[in-house]
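Its first residue numbered 1, the sequence shown is counted upward by one per residue in the UniProt record's numbering. Cβ atoms here follow ideal geometry from the backbone N, Cα and C, with glycine treated the same way. Treat the numbers as computed from the prediction; the structure is a model and nothing was measured. Structure, as structure tokens:
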Amino acid sequence: MPWTRPSTVPFPSVWLRFQAKGLDSPEPVWYVVQDVPEDRFEDAVRFMSHFFPHDEQLNEALGFVDDPLALEESIGLWRDMVRQRVSLVCFREGSSEIVGANMLGVSCKADQKREERFGSAILQTIYDTTKYVSKQANLYERYGVQEYLSAMGLSVDPKYRGRGIATELLRARIPLCRAVGIRLTSTCFTGAGSQIAAARAGYTEDYSVTYGELKAIDARFDFPGIETKPCKYMSYRIESGTRSGVLFSPSTIGDPIAAEIAHTSRIVRHTRRLFLCFAYLIGCVTAMYLRRRGEERSINSE
Numbered sequence: 001m002p003w004t005r006p007s008t009v010p011f012p013s014v015w016l017r018f019q020a021k022g023l024d025s026p027e028p029v030w031y032v033v034q035d036v037p038e039d040r041f042e043d044a045v046r047f048m049s050h051f052f053p054h055d056e057q058l059n060e061a062l063g064f065v066d067d068p069l070a071l072e073e074s075i076g077l078w079r080d081m082v083r084q085r086v087s088l089v090c091f092r093e094g095s096s097e098i099v100g101a102n103m104l105g106v107s108c109k110a111d112q113k114r115e116e117r118f119g120s121a122i123l124q125t126i127y128d129t130t131k132y133v134s135k136q137a138n139l140y141e142r143y144g145v146q147e148y149l150s151a152m153g154l155s156v157d158p159k160y161r162g163r164g165i166a167t168e169l170l171r172a173r174i175p176l177c178r179a180v181g182i183r184l185t186s187t188c189f190t191g192a193g194s195q196i197a198a199a200r201a202g203y204t205e206d207y208s209v210t211y212g213e214l215k216a217i218d219a220r221f222d223f224p225g226i227e228t229k230p231c232k233y234m235s236y237r238i239e240s241g242t243r244s245g246v247l248f249s250p251s252t253i254g255d256p257i258a259a260e261i262a263h264t265s266r267i268v269r270h271t272r273r274l275f276l277c278f279a280y281l282i283g284c285v286t287a288m289y290l291r292r293r294g295e296e297r298s299i300n301s302e
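Written as structure tokens, this is what we have:
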């Protein structure tokens with residue numbers, strides 16, 4: 001049975017809010033990472049089709065941009081993924097311009113033997129390579145899960161690069177997974193940039209192999225010019241028993257004032273919890289002190 005997003009998790013939701021420099025000045029501005037809204041599905045797919053073919057080093061090594069069929073079939077995959085309602089998009093707060101996107105889907109153990117067949121030889125090679133690396137990572141047995149949040153592409157608009165946006169997109173998967181009940185997010189990170197971003201977001205390596213080693217294993221896995229570079233499967237395990245990770249209600253999306261109010265309210269709630277914990281601790285210490293004084297007085301009176 002295909003995975004579906006729980007109806008109890010609001011859609012779309014904002015999962016992460018962070019500050020980075022803006023476009024016109026070095027002063028920091030607020031950004032949000034959220035679910036791709038349904039009315040922006042096609043915009044997100046267009047964003048990926050515009051940037052991802054040029055960004056990804058496997059695409060570059062095989063000449064993906066010169067293969068219209070590879071792009072057409074990738075677009076079909078991205079459309080299927082956004083309909084699962086777990087793909088992420090980054091906006092500047094108060095703006096509808098897409099800054100970055102991460103196309104996500106849920107991979108299930110029951111479907112792991114299914115093989116995808118493509119008309120494009122280039123896309124087939126990329127798929128088969130990442131499928132092989134995934135098998136070596138052995139995620140279902142390693143982590144004891146039946147499903148995990150996987151990905152097929154992360155891109156950031158070139159004019160917004162250098163702001164850590166890729167790292168924040170990867171980090172936003174964590175509260176998303178907590179909210180929808182998924183305990184693991186894993187991806188085949190094929191280039192140094194995404195591998196560094198994943199490490200900064202707290203992901204750890206499950207399996208690493210160079211492209212030269214992959215070619216020695218199977219001649220189909222041939223990526224000219226990057227033989228010495230590593231391909232890494234990396235994961236972030238989400239601890240069970242955590243509460244929902246929704247940061248803001250959907251009504252705050254695109255509204256900086258509402259988002260600021262929600263953010264302030266969240267801080268107040270956390271401060272109140274800390275105060276109550278501190279008060280409880282003080283009460284325990286005071287009770288222990290009074291009990292000990294009482295025992296000392298009893299001994300002295302004897």
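Same chain, Cβ closer than 8 Å to residue i, five either side skipped, listed in chain order
i           : result
Val86       : Arg5, Asp35, Leu104, Gly105, Val106, Leu149, Leu176, Val180
Val29       : Gln19, Ala20, Lys21, Gly22, Arg92, Glu93
residue 306 : Nothing in the structure corresponds to residue 306, since the chain is present only between 1 and 302.
Pro158      : Phe51
Burial state of residue i, where buried means 16 or more other Cβ atoms lie within 10 Å
i      : result
Gln146 : exposed
Gly100 : buried
Thr125 : buried
Met81  : buried
Thr228 : exposed
Arg114 : exposed
Gly283 : exposed
Arg40  : buried
Ser95  : exposed
Leu170 : buried
Met1   : exposed
Thr130 : buried
Val65  : exposed
Ala216 : exposed
As assigned by DSSP and simplified to three states, the class of residue i
i      : result
Glu147 : strand
Val86  : coil
Asp35  : strand
Phe189 : strand
Thr210 : strand
Leu23  : coil
Arg183 : coil
Met234 : strand
Pro250 : Because the pLDDT at Pro250 is just 45, under 50, the model does not fix this residue reliably, and the value given afterwards should be weighed accordingly. Of the three classes helix, strand and coil, the one that applies to Pro250 here is helix, per DSSP.
Thr130 : helix
Glu227 : coil
Gly283 : helix
Glu93  : coil
Asn138 : coil
Ser120 : coil
Gly76  : helix
Ala219 : coil
Trp15  : strand
Thr8   : coil
6 Å Cβ shell around residue i - same chain, five flanking residues per side excluded
i      : result
Phe18  : Tyr31, Glu168
Gly153 : Met48, Phe52, Met103
Leu214 : Phe221
Ser7   : none
Trp78  : Val45, Met48, Met103
Asp55  : Ser155
Arg200 : Thr167
7 Å CB neighbourhood of residue i in its chain, flanking five on each side removed
i           : result
residue 309 : Within the shown structure, residues of the chain are numbered from 1 to 302, placing residue 309 beyond reach of any answer.
Ala44       : Val36, Val82, Ser87, Val89, Ile98, Ala101
Glu73       : Phe118, Gly119, Ser120, Leu123
Beta-carbon separation (whole angstroms), residue i vs residue j, contact threshold 8 Å
i      : j      : result
Gly202 : Tyr236 : 6 Å
Tyr233 : Ser186 : 6 Å
Tyr143 : Leu184 : 5 Å
Leu16  : Ala172 : 4 Å
Gln57  : Ile226 : 6 Å
Ala61  : Phe223 : 4 Å
Ile238 : Arg291 : No, Ile238 and Arg291 are not in contact; Cβ-Cβ is about 42 Å, not under 8 Å.
Cys231 : Tyr211 : 6 Å
Legend entry - Segment contact, 8 Å Cβ cut-off, at least three pairs: the segment 130-138 with the segment 199-213: yes
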